[in-house]
Amino acid sequence: MTLLEVRDLTVGYRTRAGVVPAVRGVSLDLDRGQTLGLAGESGCGKSTMAAAVLRLLPAGTVTSGQVLLDGEDVFAMRPGRLRAVRWTEAAIVFQGAMHALNPVRRVGTQIAEAIQLHAKVGDAAAARQVGELLEQVGLPLRRSRSYPHELSGGQRQRVMIAMALACSPSLLIADEPTTALDVMVQAQVLDLLAELRRELGLALLLITHDLSVLAGTCERIAVMYAGRVVEQGPAAEVFAAPAHPYTRALAGAFPTIGDPVSRKAPRGLGGDPPDPRALPSGCEFHPRCRDALRSCPTTPVELWPAGPDRAAACVLVRHPEEVRP
Amino acid sequence: MTPADAAPDARELPAGRPGPAGAPILEIRGLHVVFGGRSGLRSGGPLARAVDGVDLRVHQGEIVALAGESGCGKTTLARTVLGLERPSGGEVLFRGKPIGRTTASLKPYRREVQLILQDPTGALNPRQSVYESVAEGLRIHKVKGDEEALVEHALARSGLRPPRRFFLSYPHELSGGQRQRVVIAGALALEPSMLVADEPVSSLDASVRGEILALLLQLVRDLGLAVLVVTHDLGLAWNVADRLAVMYLGRIVELGPTEEVLANPRHPYTRALLSVVPEVSHLEPQVLAGEPPDPTRVPAGCRFHPRCPALAGGEAAAAGVDARCRAEDLPVLAAGHDHHAACFLTDESVR
Chain A
1 MTLLEVRDLT VGYRTRAGVV PAVRGVSLDL DRGQTLGLAG ESGCGKSTMA
51 AAVLRLLPAG TVTSGQVLLD GEDVFAMRPG RLRAVRWTEA AIVFQGAMHA
101 LNPVRRVGTQ IAEAIQLHAK VGDAAAARQV GELLEQVGLP LRRSRSYPHE
151 LSGGQRQRVM IAMALACSPS LLIADEPTTA LDVMVQAQVL DLLAELRREL
201 GLALLLITHD LSVLAGTCER IAVMYAGRVV EQGPAAEVFA APAHPYTRAL
251 AGAFPTIGDP VSRKAPRGLG GDPPDPRALP SGCEFHPRCR DALRSCPTTP
301 VELWPAGPDR AAACVLVRHP EEVRP
Chain B
1001 MTPADAAPDA RELPAGRPGP AGAPILEIRG LHVVFGGRSG LRSGGPLARA
1051 VDGVDLRVHQ GEIVALAGES GCGKTTLART VLGLERPSGG EVLFRGKPIG
1101 RTTASLKPYR REVQLILQDP TGALNPRQSV YESVAEGLRI HKVKGDEEAL
1151 VEHALARSGL RPPRRFFLSY PHELSGGQRQ RVVIAGALAL EPSMLVADEP
1201 VSSLDASVRG EILALLLQLV RDLGLAVLVV THDLGLAWNV ADRLAVMYLG
1251 RIVELGPTEE VLANPRHPYT RALLSVVPEV SHLEPQVLAG EPPDPTRVPA
1301 GCRFHPRCPA LAGGEAAAAG VDARCRAEDL PVLAAGHDHH AACFLTDESV
1351 R
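These protein sequence lines map, in sequence, to chains A and B.
Following the numbering used here, the numbering of the first sequence begins with 1 at its first residue and continues without gaps.
Following the numbering used here, the numbering of the second sequence begins with 1001 at its first residue and continues without gaps.
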């Protein structure tokens, strides 16, 4: 059953120059126990999406559309209900674990605080729960007495995950959880997330710019560009055979080691991400697109079916015969 | 010096195949860097052997990647090459001569060897325009000539075109990729013969990553620069590096041409690192438990043995080398061009 349902969500940030759109009509579904990956570059709106799900957007943000968490509209919740839902229904793990933890308090105390804010639990019982949580994320109990600076990046990220699990949420949102970490530690953290999913039946919304991380971790992927979803489908298929030229560029950004094509030939995507205050006409991606047709600057795009269970916002999906030879 | 006669050595290289032939531009010999504990070197506390015996050479026109996990000593090695840390033993030679130890004697060297850091946002002064940022190095080194032309040329070289359009921009007005290009322009303005890049793309978006790496390759081809790139990303090595050195706990444990090291990794540590790269599907992922061990307590024997899957899995015992793995220190890998690994099990020369 659907745990998270995002319906035609738009989010705009109010600035002196008017409202700047960050998310422009995104719809997503995430079932209980499932994993969805959200990919895209800086500024594509993926972190705004994450914040919108828990209504963590700054004051003055303009939103429309709906976010339904277990059938309940997050935007319509009263403050008391919202506070209860954050942590107990859905919790979020942010990118920079160093900045998200209080540097002058022991990590055990910080986890216990999250528990005691949401349930009437005595100090001893909270400490016991902290021990269990740390064990669950693969840290020894004695680490609860450590300060954040005494831990490595991977250990801090584990503390963040333990804290997110403190109130047994059914949805975990992880915004770039491994971006600042080494490959080996990244593999450890991704393994941990997969294990928690299996054991606790957690649903996971994983947000990153690294499509290859999502391909191995998630069941489904949605790729965002300029505030919109431009491609979605089963993770392995989207990564192996992207339908949208932007997804293709993202998938090619990290080379396949051993593939002679990428040896001494790094591939990137030219140009810069679009300015949300002045988006290109037609398909927003056309100025950077290698396969753009003459009609792309004037033809609006929407998500069209692109094979079983897949969709992409590219005219070439509708008219494959127009692909340049 | 005008841009036209930059890097005269590069002209003499055969086109297309920048070679490791001839004398290296940078040579690291038996390098050790030791840090004291909390109360300094003389406290008698445990010493951290951050770099613990490294031999490495970098030639003109060559990109050498130094890969390993956080805490393996790769950044300390890079900082020592730049003269920012003092070696506790061994030496760094540039064009055959030891680099200086004082700020004054290091100054000409620091013009020739430029540093590119991970985070361009932190590397640029937010209140300085692009022009000021690029011109700063020229002023410090009192470079003669038309400053405006030199800045313009450096910006164009790093792919910011038309360069004059960027003169008055501030870092916050630029994208992450453009900021890194400004940092690179600042380095190029001084016409260095070598770049040391510490994780040059790891804070950038996936889409920009390839563009910056392509720029690095182009600079090596056009200017014959030597590059030492420090990274934890083996994909980056595959994308740009001629040779790859894998570092673990202060030592290089495997060294060789990139293709050979990545296609046929010999050291169990390299194999494990390679197996967890998301794009590598043919290897069974070997996620090593824990963080890299502590440089204040380097294990006896092979320094990787407490985490080694080949030792734990009995392969080493089957080959009859397990006792050596646990007890016998391995020699420092020689800085040659052949493919070698510091492993009793897999490397013939060590065995």
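Idealized CB from N, CA, C, for every residue including glycine.
Within the same chain, and ignoring the five residues on either side of Phe-254 (chain A) in sequence, the residues whose Cβ sits closer than 8 Å to its Cβ are Asp-210, Leu-211 and Ser-212. For Asp-182 (chain A), the closest alpha carbon among the candidates B:Leu-1273, B:Arg-1209 and B:Arg-1251 is that of B:Leu-1273. Ala-1316 (chain B) is positioned such that its CB atom lies no closer than 7 Å to that of Arg-1266 (chain B). Here Thr-48 (chain A) is buried. Its C-beta has 16 or more other C-beta atoms within 10 Å.
The residues Val-121, Ala-126, Gln-129, Val-130, Ala-166 and Cys-167, in chain order, have a CB closer than 8 Å to that of Ile-115 (chain A) in the same chain once the five nearest residues on each side in sequence are set aside. Taking a C-beta distance under 7 Å as the contact criterion, Thr-299 (chain A) and Val-315 (chain A) qualify as a contact pair.
Chain-ordered, the chain A residues with CB closer than 8 Å to the CB of Gly-1210 (chain B) read Gly-252, Ala-253, Pro-266, Arg-267, Gly-268 and Leu-269.
Counting only the Cα atoms, Val-1134 (chain B) lies some 12 Å from Tyr-1170 (chain B).
Membership of Gln-1114 (chain B) in the beta strand (DSSP E) is indicated by the continuous run 1113-1116. A direct Cα-Cα distance of roughly 56 Å separates Val-23 (chain A) from Gly-1301 (chain B).
Think of a sphere of 8 Å around the beta carbon of Glu-1279 (chain B): the chain A residues whose beta carbon falls inside it are Ser-212, Phe-254, Pro-255, Thr-256 and Ile-257, in chain order.
Taking all protein chains shown into account, Met-1 (chain A) has fewer than 16 neighbouring C-beta atoms within 10 Å of its C-beta and is therefore exposed.
For Phe-75 (chain A), the three-state secondary structure derived from DSSP is helix.
Assigned with DSSP and collapsed to three states, Phe-254 (chain A) falls in coil, not helix or strand.
Close to Pro-273 (chain A), with beta-carbon spacing below 7 Å, are these residues of chain B in chain order: Ser-1175.
Annotation: the continuous alpha helix (DSSP H) that includes Thr-1270 (chain B) extends over 1268-1275.
Tyr-1269 (chain B) places its beta carbon less than 7 Å from that of Val-1253 (chain B). Bounds of the beta strand (DSSP E) holding Glu-1027 (chain B) are 1026-1035. Leaving aside the five residues that flank Val-1276 (chain B) on each side, the residues in its chain whose CB is nearer than 8 Å to its CB run, in chain order, Pro-1285, Gln-1286 and Val-1287. Taking 7 Å as the cut-off, the beta carbon of Leu-133 (chain A) is found no closer than this to the beta carbon of Ala-90 (chain A). Selection B:Arg-1307, B:Leu-1244, B:Asp-1322 and B:Gly-1250 evaluated against Asp-1338 (chain B) yields B:Leu-1244 as nearest (Cα-Cα). Excluding sequence positions up to five before and after Pro-1126 (chain B), its CB lies within less than 8 Å of the CB of Tyr-1170, Pro-1171 and His-1172, all in the same chain and listed in chain order.
In this structure, Ala-164 (chain A) and Gln-232 (chain A) do not form a Cβ contact; the two beta carbons are roughly 25 Å apart against a cut-off of 8 Å.
In the structure shown, Val-1220 (chain B) falls within a helical segment according to DSSP collapsed to helix, strand and coil. Contact note: Arg-263 (chain A) reaches chain B through Trp-1238, Asn-1239, Thr-1258 and Glu-1259, using a C-beta cutoff of 9 Å and chain order.
Note on Asp-1222 (chain B): under 16 other CB atoms within 10 angstroms of its CB, so exposed under the neighbour-count rule.
A contact between stretches requires three or more CB pairs, one per stretch, nearer than 8 Å, and the region 15-22 of chain A meets this requirement with the region 269-283 of chain A. Val-1051 (chain B) places its beta carbon less than 7 Å from that of Leu-1077 (chain B). Per DSSP, reduced to three states, the secondary structure at Ile-111 (chain A) is helical. Between the region 72-85 of chain A and the region 21-37 of chain A there are fewer than three inter-stretch CB-CB distances shorter than 8 Å, so the stretches are not counted as touching. Within 9 Å of the CB of Ala-1214 (chain B), the CB atoms of chain A belong to Ala-265, Pro-266, Arg-267 and Gly-268, in sequence order along the chain.
Neighbours of Gly-1235 (chain B) in chain A, taken as residues whose beta carbon is under 7 Å from its own, are Phe-254, Pro-255 and Ile-257 in chain order.
Per the coordinates, the alpha-carbon of Glu-41 (chain A) lies some 7 Å from the alpha-carbon of Ala-1206 (chain B). Between Leu-1234 (chain B) and Leu-1213 (chain B) the beta-carbon gap is near 13 Å, outside 8 Å, which marks them as no contact. Under DSSP, Ile-1099 (chain B) takes part in no beta bridge, so it has no partner. One thing to note: Ala-292 (chain A) has its Cβ no nearer than 7 Å to the Cβ of Val-301 (chain A).
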